[in-house]
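First residue of the sequence shown: 1, per the UniProt record's numbering; consecutive thereafter.
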Amino acid sequence: MQKNLVIVESPAKAKTIGKFLGKNYKVKASVGHVRDLPKSTLGIDIKNNYKPKYITIRGKGPVVKELKDEAKKSNKIFLATDPDREGEAISWHLAHILKIPEDELVRVEFNEITKNAVLNAMKKPRAIDKNLVDAQQARRILDRLVGYKISPLLWRKIRKGLSAGRVQSVAVKLICDREKEIEAFIPEEYWTIKALLEKNDIPFEANFYGIIEDGKDKKIEISNKEEVDKIIKNIDEDNFIVDSVRKSTRKKNPYAPFTTSTLQQESSKKLGFSTKKTMMIAQQLYEGIDIKGEGTVGLITYIRTDSTRVSDEAVEQAKNFIINNYGKEYNNGGKNYINKSKKEAQDAHEGIRPTSVLRKPEEIKSSLTLDQYKLYDLIWRRFISSQMAPAKYDTISVRIISNGNVFRASGSKLNFDGFLKIYNNQDNDENDLEIPKLVEGEKLKVNKIEPNQHFTQPPSRYTEASLIKTMEELGIGRPSTYAPIISTILNREYVILNNKSFEPTELGILVNDLLEKYFGEIINEEFTAELEEKLDEIAEGKYKWQAVVDDFYKDFEVLLKKAEEEIDEMEIQDEVTDEICEKCGRNMVIKYGRYGKFLACPGYPDCKNTKAIVDELDIPCPLCGGNIIRRRSKKGRIFYGCSNFPNCNFSSWNEPIKEKCPQCNGIMVKKKTKNGIKIQCINKECGYKRFEKE
């Protein structure tokens, strides 16, 4: 008879932990949830205090049987599912299946999968936290009520197979709202005036600020060419006098260790990883990697967290590492980070950090895949840098006067790199700008006065990183939900990613408009954030989950009844096009199908003519001379192909251009980057590329 059974969620984790615990333990995996609400019915008895009807998930029968058989042979059972609400709920379901009393001390949490952490955790089992279970249960039931009650309305009005989600629909709403802002945006003209100055052959720039009025600087906003001409006419180029020079130093503090959302944001920006890919690789690093000379070990701490604090032991280890490798001046004394947010209900786990700072990324690179190495390197550098000294800059601010006009110049120079030595966030980094030594009262040489016309820009579309940041700031969703939310709205084809930015599809706009019309009171940012706080308070034991669900459902039921009564009368007008149906002469309209929009005759069913909508570019195919067409992949990603497919197989993720490569006369494509538009030859052996401003 084996002594102990430990149940975890994943087989990979079971393998790693099994090596740490030895022969007196058997470690098995539940492979995620074993029980859930049925797919075929609502599964919630609304009249009986929202009692859920849980069943064994289809296909999990053999897993359940194996766990029951192993449990019968064991003296002691430990439930070591993931250390979050979802994991707590899985343990609760396992306890039900294995007939383990709720107050029995069987729950074990592994914040990191290292031998010491696992052995220490096994010494401190606790009872299942029913408050955490209830918080997860409330979320599941709320999501089921919204999804299963609203989805049939979408089927009736728009298309069969559509579905709505309580939180996912708010994410779609954010993207649709941003698109409306962009469409409604009216650019406004504004101008800047730059003085190109020089001293001792060192050029620098000063920007027009305003005029002196009543002894004070008054900022002037320039809105047209006439105002520019008037200001330039009043500028005396022969008298640019330095009025004041202020020098100072400024510190730039390191960033806190990663939380789930900041890891997803930085991974997207720095590595180009999707949230789904980031979480998949992070899970691998957490569960354990076979490191040469060391064996299988978890490389990072638990990955679903909203906390930035780390253990005192980790701070001390980092402090010693920094002093030994970089010097005392790079050490910040050992700093811990306290969450600034008021809500700390889920502050149960550390920030994401390496389980040992001594495992340098480059030293274990041969044991990792390239993507695992990139993500581990990012996490390692972020944590080490969080324990390093601030960067220091020498700054200079200069006020220059010309005939009552005020110009300002400022610059900064890195004096001490501090944490930037290993973690340089280029998006926020300072640009060194050299300004020559200036003395108050001296006259400067003017090379040119340069006016520049600008136009205000519309707000940017959301990227994965900025959408997660916005949802976190608004209190929508929680660490474990960001990646599933984004995957869901992409899979449902409510949004697409175009040049790494979210755009709502026509289908997404239709669904969002319908939900806003009938369910705007509950599917919005404020209400969803309030409900998230209620779920947090259930986890703290402040509310009963049934009361929270009931408060929601009472309002939801009223909206639902009204929608059911009115929705059949709601008209969604088809967009009429200039395309004429060649069979009956009517103007064809745009319809929406499973794979996007298409042209259809409005005379259906008398005339059943349909056509694909072809988005042609005014560019010939470089292989056969046919037309280049903008297409969408099955996952909604835009690519470019030839209209003569399948006879011509030309395709490119990047948009082809008419210009031929100046080096090899090959095909050129353009791609949007942080630095502007990159024009490059698709012939890798050629390698020609250049950058252009947008």
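Don't be surprised by glycine CBs; every beta carbon is placed ideally from N, CA and C.
All of these numbers come straight from a predicted model, not from anything done at the bench.
Nearest residue (CA-CA) to residue 704, options R35, S163, M471:
Because residue 704 is not part of the residues shown, which for the chain are 1 to 694, the question remains open.
Whether or not the stretch 464–476 and the stretch 255–267 are in contact is what I'm after, with contact meaning three or more pairs of Cβ atoms, one per stretch, closer than 8 Å; do they touch?
Cβ pair count under 8 Å is three or more, so yes.
Assess contact between the stretch 152–169 and the stretch 380–390, defined as three or more Cβ pairs (one per stretch) separated by less than 8 Å. Is contact present?
Because the criterion of three Cβ pairs below 8 Å is not met, the stretch 152–169 and the stretch 380–390 do not touch.
Rounded distance between the beta-carbons of P254 and P390, thought under 8 Å
Indeed they touch by this definition, with Cβ atoms about 7 Å apart.
Could you please give the first and the last residue of the uninterrupted beta strand (DSSP E) stretch that includes G641?
If you look at G641, you'll find it in the beta strand (DSSP E) that goes 638–642.
Within the UniProt domain "Toprim" (3–113), ranges of the alpha helix (DSSP H) (whole runs, at least 4 residues)
The UniProt domain "Toprim" (3–113) contains these whole alpha helix (DSSP H) runs: 11–21, 61–72, 85–97.
Can you name, in chain order, every residue of its own chain whose Cβ lies under 6 Å from the Cβ of residue 717, other than the five neighbours on each side?
Since the displayed the chain opens at 1 and closes at 694, residue 717 lies outside it and no answer follows.
Do P458 and I113 count as a contact pair if the criterion is CB distance below 9 Å?
Not closer than 9 Å, so no.
Residue burial classification, G687 (beta-carbon count within 10 angstroms, cutoff 16):
Classification for G687: exposed.
With a 10 Å radius around its C-beta and 16 neighbouring C-beta atoms as the bar for buried, classify E287 as buried or exposed.
Buried, since its Cβ has 16 or more Cβ neighbours within 10 Å.
C681: first and last residue of the uninterrupted beta strand (DSSP E) it sits in:
Segment 676–681, the beta strand (DSSP E) holding C681.
Continuous beta strand (DSSP E) assignments of at least 3 residues falling wholly in the stretch 171–244
Those beta strand (DSSP E) runs which fall completely within the stretch 171–244 and span 3+ residues are 189–199, 202–213, 216–219.
Endpoints, the beta strand (DSSP E) within which D394 is located
That run of the beta strand (DSSP E) goes 391–402.
Along the alpha helix (DSSP H) that carries S261, what are the first and last residues, could you check?
Segment 260–266, the alpha helix (DSSP H) holding S261.
Which residue or residues does DSSP assign as beta-bridge partners of R630?
Paired residue(s): D615, Y640.
In three-state terms, what does DSSP make of residue 698?
Shown here, the chain extends from 1 to 694; a query on residue 698 therefore has no answer.
I need the straight-line Cα distance from Y423 to H349, nearest angstrom please.
Their backbone Cα atoms lie some 24 Å apart in a straight line.
Kindly identify the DSSP beta-bridge partner or partners of Q168.
Paired residues: none, contrary to the question.
First and last residue of the uninterrupted alpha helix (DSSP H) at I150
Secondary structure note for I150: its alpha helix (DSSP H) is the uninterrupted segment 130–157.
Do the stretch 652–669 and the stretch 612–626 touch if we need at least three Cβ pairs shorter than 8 Å?
They touch, by the three-pair rule.
Taking DSSP as the reference, what is the three-state secondary structure of G460?
With the sequence shown as reference, residue 460 is identified as Ser, and Gly is not the correct amino acid for it. Three-state DSSP puts S460 in coil, outside helix and strand.
Neighbourhood of G43 by C-beta distance below 7 Å, restricted to the same chain and skipping five residues each side
For G43, where only same-chain residues beyond five positions count, the Cβ hits under 7 Å are L37, P52, K53, R144.
Throw me the rounded Cβ distance for the residue 695 and T301 pair, which I believe falls under 8 Å.
In this structure the chain extends from 1 to 694, so residue 695 is not present and cannot be described.
How would you label P656, buried or exposed, when you count the other beta carbons within 10 angstroms and need 16 or more for buried?
By the Cβ-count criterion, P656 is buried, with 16 or more other Cβ atoms from all chains shown falling within 10 Å of its own Cβ.
Alpha-carbon spacing of E540 relative to S367, whole angstroms:
Straight-line Cα distance between these residues: approximately 41 Å.
Just to confirm the assignment, what range does the beta strand (DSSP E) spanning M388 have?
Segment: none, M388 is in no beta strand (DSSP E) and carries neither H nor E.
Considering only their Cβ atoms, is the gap separating I489 from R246 smaller than 9 Å?
No; because the gap between Cβ atoms is not below 9 Å, this pair is not in contact.
Around the C-beta of residue 704, are 16 or more other C-beta atoms found within 10 angstroms, so that it is buried, or is it exposed?
Residue 704 cannot be examined here, being either before or after the span of the chain that is shown, 1 to 694.
Under DSSP, the alpha helix (DSSP H) around residue 695 begins and ends at which residues?
Since the displayed the chain opens at 1 and closes at 694, residue 695 lies outside it and no answer follows.
Helix, strand or coil at R381 [DSSP, three-state]:
In this structure, R381 counts as helix in the three-state DSSP scheme.
Just tell me which of L142, W92, I17 has its CA closest to the CA of D45.
Out of L142, W92, I17, L142 has the C-alpha closest to the C-alpha of D45.
C-alpha gap between S261 and N452, whole angstroms:
Spanning the two alpha carbons is a distance of roughly 39 Å.
Candidates I384, K28, L153, of which the one nearest I567 by Cα:
The residue among I384, K28, L153 with its C-alpha nearest the C-alpha of I567 is L153.
Could you give the first and the last residue of the continuous beta strand (DSSP E) run that contains N415?
Per DSSP, N415 belongs to the beta strand (DSSP E) from 405–416.
Can the beta-carbon of I303 be found closer than 9 Å to that of I352?
Yes, the Cβ-Cβ distance between I303 and I352 is below 9 Å.
Closest by CA to F552, which one among E564, E565, K542, E532?
With distances taken between CA atoms, F552 lies nearest to E532 out of E564, E565, K542, E532.
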